[in-house]
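A quick write-up on the structure given underneath.
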Amino acid sequence: MKILSFFIRLIIVYIGFSLWVFGCCLLVYVVWSLNSVNIQSIATGESLITSTQLVFGSLSSLIGLIGIYGSFRKHSSLLKVLVFLIVLMISLEIGTFVALKAGNVKIIDLVEQGWKEINNQSKNYIQKELKCCGLSGLSEFASKLDPIDESCYRKKFDPNTGEIVDKEPFRIGCKQKLIDWFQTKSKAFLIWSCLFISFQIFYLVMILILLKLLQNALRSKLNLKDDVLNVLEHQQSTSLSLPLSSTSTIATTATNVTGSGPSL
21 MKILSFFIRL IIVYIGFSLW VFGCCLLVYV VWSLNSVNIQ SIATGESLIT STQLVFGSLS
81 SLIGLIGIYG SFRKHSSLLK VLVFLIVLMI SLEIGTFVAL KAGNVKIIDL VEQGWKEINN
141 QSKNYIQKEL KCCGLSGLSE FASKLDPIDE SCYRKKFDPN TGEIVDKEPF RIGCKQKLID
201 WFQTKSKAFL IWSCLFISFQ IFYLVMILIL LKLLQNALRS KLNLKDDVLN VLEHQQSTSL
261 SLPLSSTSTI ATTATNVTGS GPSL
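What follows is the structure, given as structure tokens:
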């Protein structure tokens, strides 16, 4: 039983550490992207994607931290709180998918909303990798005074010197390329989402098993304590009954002696 409990606690610590790292990475990205996202827009609900990342990152890191400490210290109350948080997180994940499906939210809506919320560094990386410029093309920069980033240009280098000899801007926007990318990765995203939920359900089952083992161990300790107390009470009552029987014997003898006196 102790080996099984140790093995389950080890699994819980490992999964908790993984969730903690995942949550911290999400929170770090949210903090990194806040230089372009207005904090007030998060409070008003305009930055839905950033707010979702903030909620899931906080929950994941908290679940991982409580899981590590609760299983290491064998703290039943913390493990019960952990069960509630995991059920809450799974419910939020399923609720998010249901809300997206019920609200008929399309990939184009997610792309447009995400482009508003990500910072310039992320936009430049996307433009460089997908060979596009802006969300809708070069026309997006017509009313802006800021210079177009280098990631929007196709560069030609001199094979001898390695210097840039010509730059040509990408005239295609990133919207359609991002939509195509998400459509090609949608199955993989769905599979990874199901695996992540299954991972959390497995984590929940391990915690419930550990709670059951801790309850059984506590019940065994209480039963052992009751048995010890019963033995001690029995021994105490036995030790007290011996002097009482001796006293009654002495009293009976004295009565007999007293009663036989007058006959002499």
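Taking the working numbering, the leading residue of the sequence shown gets 21, the next gets one more, and so forth.
Backbone N, C-alpha and C define an ideal beta-carbon position, used for all residues, glycine too.
Rounded to whole angstroms, what is the Cα-Cα separation between L112 and K175? 45 Å
In chain order, what residues of the same chain lie with their CB nearer than 6 Å to the CB of L99, ignoring the 5 residues before and after it? G90, I227 and L231
From this set, K195, T181, S80 and L224, which residue's C-alpha is nearest C44's C-alpha? S80
I'd like the list of long-range same chain contacts for E132, defined as Cβ closer than 8 Å, with 5 residues on each side in sequence excluded. L155 and K195
By a C-beta neighbour count over all protein chains shown, 10 Å radius and 16 as the cutoff for buried, is E183 buried or exposed? exposed
Which of helix, strand or coil DSSP assigns to E183: coil
With H, G and I counted as helix, E and B as strand and the rest as coil, what does DSSP make of K175? strand
Touching by the beta-carbon criterion (3+ pairs, under 8 Å), the region 144-153 and the region 192-207: yes
Since L46 and G77 are thought to touch, with beta carbons under 8 Å apart, how far apart are those beta carbons, to the nearest angstrom? 3 Å
Along the chain, where does the alpha helix (DSSP H) containing V131 start, and where does it finish? I127 to E137
Would you check if the distance between the CB atom of I110 and the CB atom of L215 is smaller than 9 Å? no
For I127 and K121, the rounded distance between their alpha carbons: 11 Å
For F20, count neighbouring Cβ atoms within 10 angstroms of its own Cβ and tell me buried if that reaches 16, exposed if not. Residue numbering for the chain in the displayed model covers 21 to 284; residue 20 lies beyond these limits and cannot be assessed.
So the candidates are Y145, L82, I88 and V41; which of them puts its Cα closest to the Cα of L105? L82
In angstroms, rounded to a whole number, what distance separates the CA positions of Q255 and R239? 24 Å
CB-CB under 7 Å to S171, same chain, minus the five flanking residues each way: which ones, in chain order? N144, Q147 and K148
The alpha helix (DSSP H) enclosing E149, as first and last residue numbers: N140 to L150
Mind checking which residues open and close the alpha helix (DSSP H) that includes R29? K22 to S53
For the alpha helix (DSSP H) containing G115, list its first residue and its last residue. S96 to A122
Answer yes or no: does any C-beta atom of chain C fall closer than 9 Å to that of Q133? Reference to chain C is not applicable here, since this structure consists of a single protein chain.
Name, in chain order, the residues that DSSP records as bridge partners for P189. Y173
Give the DSSP-derived three-state secondary structure of G84 in the structure shown. helix
Run through DSSP, which three-state label would A162 get? coil
Simplified DSSP state of C153, which is helix, strand or coil: coil
So which of S213, Q73 and I229 has the shortest CA-CA distance to F117? S213
State the Cα-Cα distance for the pair W135 and F42, rounded to the nearest angstrom. 23 Å
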